[in-house]
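Reminder that position 329 of the sequence shown reads as 377 in my numbering, one-by-one numbering, no gaps.
Report on one structure; see the data block that follows.
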Amino acid sequence: MFIFILWREFKLSIAEIYSLFPKAEYVDATQEFLIVDNISKDEITEKFKRIWWIIKVIEVQDELDSEKDFLKFSIEYIEENKKNESWKYNFGLAKYGEIKSDLFTSGIQIKKELVKSKIWSIRFVNKENRNINSAVYKNEKLWGENWTELNIVMIWLNILAGNTIIFQDVDEYSKRDLWKSRDMQVWMLPVKLAQMMINISWSNTWIYDPFCWLWTVLIEAANAWYRKIYWSDIRQDLVDISEKNLESFIRFGDSSIDYSIFEMDVMDIWKTNKKLDWLNIVTEWYLGDIMTKWHVTLERIDIQCKNLAILYEGFFSWLRKTDFSWNIVISFPFWEFKWKFYYFTEVYGIMERYWFKPQKLLPENIEFKTTKSWSILYKREDQQVGREIFKLKRYF
Ligand SMILES: C[S@@+](CC[C@H](N)C(=O)[O-])C[C@H]1O[C@@H](n2cnc3c(N)ncnc32)[C@H](O)[C@@H]1O
Numbered sequence: 049m050f051i052f053i054l055w056r057e058f059k060l061s062i063a064e065i066y067s068l069f070p071k072a073e074y075v076d077a078t079q080e081f082l083i084v085d086n087i088s089k090d091e092i093t094e095k096f097k098r099i100w101w102i103i104k105v106i107e108v109q110d111e112l113d114s115e116k117d118f119l120k121f122s123i124e125y126i127e128e129n130k131k132n133e134s135w136k137y138n139f140g141l142a143k144y145g146e147i148k149s150d151l152f153t154s155g156i157q158i159k160k161e162l163v164k165s166k167i168w169s170i171r172f173v174n175k176e177n178r179n180i181n182s183a184v185y186k187n188e189k190l191w192g193e194n195w196t197e198l199n200i201v202m203i204w205l206n207i208l209a210g211n212t213i214i215f216q217d218v219d220e221y222s223k224r225d226l227w228k229s230r231d232m233q234v235w236m237l238p239v240k241l242a243q244m245m246i247n248i249s250w251s252n253t254w255i256y257d258p259f260c261w262l263w264t265v266l267i268e269a270a271n272a273w274y275r276k277i278y279w280s281d282i283r284q285d286l287v288d289i290s291e292k293n294l295e296s297f298i299r300f301g302d303s304s305i306d307y308s309i310f311e312m313d314v315m316d317i318w319k320t321n322k323k324l325d326w327l328n329i330v331t332e333w334y335l336g337d338i339m340t341k342w343h344v345t346l347e348r349i350d351i352q353c354k355n356l357a358i359l360y361e362g363f364f365s366w367l368r369k370t371d372f373s374w375n376i377v378i379s380f381p382f383w384e385f386k387w388k389f390y391y392f393t394e395v396y397g398i399m400e401r402y403w404f405k406p407q408k409l410l411p412e413n414i415e416f417k418t419t420k421s422w423s424i425l426y427k428r429e430d431q432q433v434g435r436e437i438f439k440l441k442r443y444f
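Here you go:
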């Protein structure tokens, strides 16, 4: 059994894991973590390199009767796992859920016990009663053979204990964060969201964005080891620039990526000679006008919806005429007005009319649910317009 420590947007994090590991058993979840069974360590390590927003994964080793047993568990774990030829051992501790014990005190006690009976040197890396962050984890080399991080996790009345098997590599992430050198535009699809949408679309490693604009999706897909990437846009200038700058954008990509960039009005998608049958579409088109708190009115929302509906009607009706048959992960706008959310309900009817049906984004037996329309919402508190994320499948 494994515990995934989630990102702040926990529903999207769960949806991402659920898409990447559809056959696993989802045992339970809180806003902080997700417990998963029937999954192998190899599978997790294999796919973890494309997940950027899971903080870490813990392998559960034991269920404890009480918090006090964590000391015994930790001592035994370290004694068992320490390789004899080394005289040094670094360890850290972390807790999740309603754990009352003080991590720092526990760590010092564990250290004392171990030092008492052994001659080797033990280092406890937490500096206070707080979980360590990924930078400390990395600097202290807690992923190494004679190093470890041990975790105590409480869910309902169960107490689980285990070791961290994989941790988000923050340095690697900032190394490949090419966005700093680019102009961030107000309406740009947030990079983190793009990464999650890509993984939520998972079923193979082929991706297509028919409204490529600032290339967010394709850069993130390339950097997450997706191997066949198509993108197009109605604007020839965007296509030209992306072709020219490809190398500098996809620094971490390699020559095994098969790209195809082309100019296309999406309304002509049915005429294309490209084969779309094996691609997943991950995209965001128009969200409508930028509206601040002072601009939003119900009339304005209504006008936006009517205008956008004409565009999306075209998109879905033409897409229906192609051989496209995989998933679309797409975001539509929703608006906040006087503490209430207003949705782009016109598009629900359009999707239904052209047989694009929302897919399950979250496993059934956990407590968290999608919206009634099977979507997950993503919105920054200071913005009036949010994004409603759907995973759609075309039915014939
Ligand atoms: C500006 S982005 C959308 C960004 C943001 N989500 C928003 O709501 O403004 C839309 C992209 O779609 C492209 N686009 C617009 N109409 C199109 C069409 N009919 N076919 C293909 N691409 C189109 C634009 O050139 C642009 O790159």
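Note that CB positions come from ideal geometry on N, CA and C, so glycine has one too.
All values derive from a computational prediction rather than experimental measurement.
So, with DSSP's three-state summary, where would you put residue i?
{"i": "N174", "result": "coil"}
{"i": "V75", "result": "strand"}
{"i": "N179", "result": "coil"}
{"i": "D288", "result": "helix"}
{"i": "Y390", "result": "strand"}
{"i": "G155", "result": "helix"}
{"i": "L68", "result": "helix"}
{"i": "W318", "result": "helix"}
{"i": "N271", "result": "helix"}
{"i": "M202", "result": "strand"}
{"i": "L241", "result": "helix"}
{"i": "G192", "result": "coil"}
{"i": "K59", "result": "helix"}
{"i": "E80", "result": "coil"}
{"i": "G397", "result": "helix"}
{"i": "D85", "result": "strand"}
{"i": "K228", "result": "With a pLDDT of 48 at K228, under the threshold of 50, the modelled position of this residue cannot be trusted, and the question is left open."}
{"i": "I437", "result": "strand"}
{"i": "E384", "result": "strand"}
{"i": "Y334", "result": "coil"}
{"i": "L410", "result": "coil"}
{"i": "I424", "result": "strand"}
{"i": "E161", "result": "helix"}
{"i": "K417", "result": "coil"}
{"i": "D219", "result": "helix"}
{"i": "K148", "result": "coil"}
{"i": "I246", "result": "helix"}
{"i": "K323", "result": "coil"}
Name, in chain order, the residues that DSSP records as bridge partners for residue i.
{"i": "W279", "result": "D257, I309"}
{"i": "S169", "result": "K136"}
{"i": "T264", "result": "In DSSP, T264 forms no bridge with anything."}
{"i": "E94", "result": "E94 pairs with nothing; no bridge assigned."}
{"i": "N328", "result": "I255"}
{"i": "N211", "result": "E107, L198"}
{"i": "K405", "result": "K441"}
{"i": "I51", "result": "I83, I106"}
At a cut-off of 7 Å, is residue i close to ligand 1 when judged by its beta-carbon and the heavy atoms of the ligand?
{"i": "Y402", "result": "no"}
{"i": "V239", "result": "no"}
{"i": "I289", "result": "no"}
{"i": "P70", "result": "no"}
Examine chain C for any beta-carbon lying closer than 8 Å to the beta-carbon of residue i, and answer yes or no.
{"i": "F392", "result": "Note that chain C does not occur in the displayed structure, where there is just one protein chain."}
Quick one: is the Cβ of residue i within less than 7 Å of any heavy atom of ligand 2?
{"i": "F81", "result": "With respect to small molecules bound, the structure shown includes ligand 1 and not ligand 2."}
Going along the chain, which unbroken runs of the beta strand (DSSP E) with 3 or more residues stay wholly within the stretch 336–378?
Within the stretch 336–378, no complete beta strand (DSSP E) run reaches 3 residues.
Name all residues in chain order for which at least one heavy atom of ligand 1 lies closer than 5 Å to the residue's CB.
Residues close to ligand 1 by the beta carbon criterion (under 5 Å to any non-hydrogen atom) are, from first to last along the chain, W235, F259, W261, D281, I282, R283, D313, V314, E332, Y334, L335.
Entirely enclosed alpha helix (DSSP H) segments - the stretch 110–143, minimum 4 residues
As far as the stretch 110–143 is concerned, its whole alpha helix (DSSP H) runs of at least 4 residues are 117–129.
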